[in-house]
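Residue numbers (the numbering used here), protein chains in the order written: chain D, 15 to 345; chain H, 15 to 345. We put the beta carbon where it would ideally sit given N, CA and C, even for glycine. Below you'll find the structure, written out as structure tokens, and then a few comments.
There are 2 protein chains.
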Amino acid sequence: MDVAALAGVSIKTVSRVLNGERHVGSYTRQRVQRAIEMLDYRPNIAARSLSGARAYLIGLFFDNPSPGYVSEMQAGAMRACRRAAYHLVVEQLSGAADESLAQLDQLARTLRMDGVVLSPPVCDRADVLALLDARGVPYARIAPAAGAASGHFVWMDDAAAARAMTSRLIELGHRRIAFIRGHAGHAVSEVRYGGFREALAKAGLPLDRELVKPGDFSFRSGWEAGLALLDSPRRPSAVFASNDDMALGVMAAAHRLKLSVPEDLSVAGFDDSPGARVVWPQLTTVRQPVALMTEGAIDLLVARPAGATGGRLYPFEIVERGSTAAAAAAP
Amino acid sequence: MDVAALAGVSIKTVSRVLNGERHVGSYTRQRVQRAIEMLDYRPNIAARSLSGARAYLIGLFFDNPSPGYVSEMQAGAMRACRRAAYHLVVEQLSGAADESLAQLDQLARTLRMDGVVLSPPVCDRADVLALLDARGVPYARIAPAAGAASGHFVWMDDAAAARAMTSRLIELGHRRIAFIRGHAGHAVSEVRYGGFREALAKAGLPLDRELVKPGDFSFRSGWEAGLALLDSPRRPSAVFASNDDMALGVMAAAHRLKLSVPEDLSVAGFDDSPGARVVWPQLTTVRQPVALMTEGAIDLLVARPAGATGGRLYPFEIVERGSTAAAAAAP
DNA sequence: TTGTAAGCGTTATCAA
DNA sequence: TTGATAACGCTTACAA
């Protein structure tokens, strides 16, 4: 190590400075730092990983195909990694459950990541968590199912957000509000639906089962639910979909049936995905700070407070755009 | 290495089997393979990287913010990496030119990647290519500017695709076809525009400068170009935008101006991004096999034919959906 | 065809 | 507060 020679110290001292360890004389530290800068020295990550406790690698796993969600997660993840001089290895978990588990196991062993970020819905798979626990790989989960107490996690109050959006629609004068549920495999689906019902109850409105449709977070399921809901004399004046893709499906269905949004129908989504802004009118939705949340998840992982565990709550925001408006006078 | 003991050979022989080297007796190889399986052994990537020539790491760099494009690239990249037992490290190049260059330099030195994939527009930055050449990091470029001869590359004939789409619109009876150009920093912008003009010329149609609008690949720029084009008595009967986001902007503008697509206006895009299918009517566009192209780029990198260099051409496909139709009888 | 020994560049251990 | 030396788990060079 040339740096050591230039600074006139042993390589171990250079290592200490590099890792910010204490017990280094301030004069020595200064000399080493100057040498590092002069030589523009960068430690080799493979050597660090091989010898030490840290690999400077964070894994990001997802099995969620939504491009908007994934790319926002990554943006946050890359920011956090750069700040901490870590690198981000992304892997898509695919195939059957046992297959993706084997894939994960293999990764944990060959790569020795310092931590992994798990996005929904994989963050709620008990087998995945058990494997990571067994292999001693710390993890941080994004929006895990409630009551999940292991590892780190970051979350948003989906129930409160759904309540807020529903209340807002009621405030706008809507009484017949339809709801499209999310994919059954995602924990938030039930939570958002719960928030919707609570808001109705709080306003003294009945829950009309006819106005609740199943969905799976896809555009197509929103489109189908939209056609079913809207092609009827007793159609709702507003539709709240559990995510934006489905809300876009509803808007498309309305367009197809020659209903104007928001004049004839208000539509609200959830996520504030990129798609929310590439339609006209633009979609009213719940903004979920996915990038910030992922950034926070990695911060928790990198800080490594010795086995500590904990969660961070992030605030949502109701973003009103053109797709919602006051209900027409005659319902 | 327990595997060696179990198989009754030296660790060197195990290494040979692992790396698929020749000069290993078939019986020995079999014994070693059985031992590997029994012990479920996985080589440590850091150790391999430190000692050997390969790091089993591929970098994917982008400065293109389009979520659809990025996630399709990654899907292909992850497939190729998994197949070759490599891992994918993603980094977003951000900030000013010299800043992102420093970032890249730092990455090249700490991570010692076996290769990097460069997406547009970063794939056309001479300083980036020079740096990678200097550091000896092989690279593969996705859709680089024509005439680019260094490194590996994968591409699509953008000019032919733009010609084909334009010809198809002409075939549908459109005579007044508007074109929205792409971001000036992307090489394909000029190429696609060239294809458009060629198709007009070939059909004997004049190029009306009024019908060519600037754009930057964003929804907003398409929206603005759309308003300018459509809010006029001499509006075009079809608009061909250089990418889908801008085409969606045009559709939104049409919607806003109460023009029906495709009855009053045909709209075509380029890319077949996820957004193309979440509007109604769905967008006619050019399908670009980005995932396949990226997969191919990594294959080229991993194959490492000793400094060889080369390109692969991928086919495009015109995808006709609901946003285009025959021109109305009276123009 | 197989094995031995010497690194690769860093961190951990323990002694000074 | 510092340093010598032994790992870390592989691959490469060279020898057998």
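Against chain D, a Cβ distance below 9 Å from H:T42 picks out nothing, because the smallest value is about 24 Å. According to DSSP, D:A252 shares a beta bridge with D:I191, D:S280. In this structure H:G283 touches H:A255 by the C-beta definition: roughly 5 Å separates them, less than 8 Å. Taking C-alpha positions only, D:R36 is separated from D:A154 by approximately 29 Å.
Membership of D:E105 in any alpha helix (DSSP H) is not indicated; the residue belongs instead to the beta strand (DSSP E) covering 101–106. Judged by DSSP in its simplified three-state form, H:K227 adopts strand. In the displayed model, D:V142 falls within a helix according to three-state DSSP. In terms of Cβ geometry, H:H200 and H:D230 do not form a close pair [threshold 7 Å]. In the three-state DSSP reduction, H:T298 falls in the strand class (E or B).
Taking the beta carbon of H:Q88 as reference, the chain D residues within 7 Å of it are V104, listed in sequence order.
Note: H:F75 is bridge-paired with H:E105, H:L132 in the DSSP secondary-structure output. For H:A305, the secondary structure class from DSSP, reduced to helix, strand or coil, is helix. The three-state secondary structure of D:R56, taken from DSSP, is coil. With a cut-off of 8 Å on Cβ pairs, the region 155–173 of chain H is in contact with the region 121–135 of chain H, counting three or more such pairs. With 16 or more other CB atoms across the displayed protein chains lying within 10 angstroms of its CB, H:E86 is buried. Identification of residues in the region 123–151 of chain D having a C-beta nearer than 8 Å to some C-beta of chain H yields R123, T124, L125, R126, given in sequence order.
Within chain D, no C-beta atom comes nearer than 9 Å to that of H:D245; the closest sits roughly 14 Å away.
Apart from sequence neighbours up to five positions away, the residues of its chain that approach D:L32 with a beta-carbon distance below 7 Å are P57, ordered along the chain.
Its chain contains T298 as the residues whose beta carbon lies nearer than 6 Å to that of D:E334, once the 5 sequence neighbours on both sides are disregarded; these appear in chain order. DSSP, reduced to helix, strand and coil, places D:H166 within a strand of the structure shown.
Judged by their CB atoms, D:A159 and D:R206 are not nearer to each other than the 7 Å cut-off. Taking the Cβ atoms as the reference, D:G325 lies roughly 6 Å from D:W169, within the contact range of under 8 Å. The straight-line gap separating the alpha-carbon atoms of H:A174 and H:G209 is approximately 6 Å. Shortest Cα-Cα distance from H:V17 to any of H:L53, H:L279, H:L225 involves H:L53.
Legend: CB atoms of the region 253–264 of chain D lying less than 8 Å from CB atoms of chain H belong to residues D259, L262, G263.
Listed in chain order, the positions of the region 23–57 of chain D with a beta carbon within less than 8 Å of a beta carbon of chain H are R56, P57. Residue D:S274 holds the alpha-carbon nearest to the alpha-carbon of D:S251 among D:S274, D:V104, D:S232.
In the three-state scheme derived from DSSP, where H, G and I count as helix and E and B as strand, H:D172 is classed as helix. DSSP places H:G289 within a helical segment (H, G or I) once states are collapsed to three. Pairing H:V130 with H:F76 gives a Cβ-Cβ distance that is not under 7 Å. Contact of H:M92 with chain D is assigned, a C-beta pair being separated by under 7 Å. A direct Cα-Cα distance of roughly 14 Å separates D:A140 from D:D119. Each of D:V202, D:R189, D:K216 was checked against the Cα of D:L225, and the nearest Cα belongs to D:R189. Look at D:V38 here: in three-state DSSP terms it is coil, with no helix or strand label.
Linking D:I184 to D:P228 through their CA atoms gives a straight-line distance of about 22 Å. In the structure shown, H:G236 falls within a helical segment according to DSSP collapsed to helix, strand and coil.
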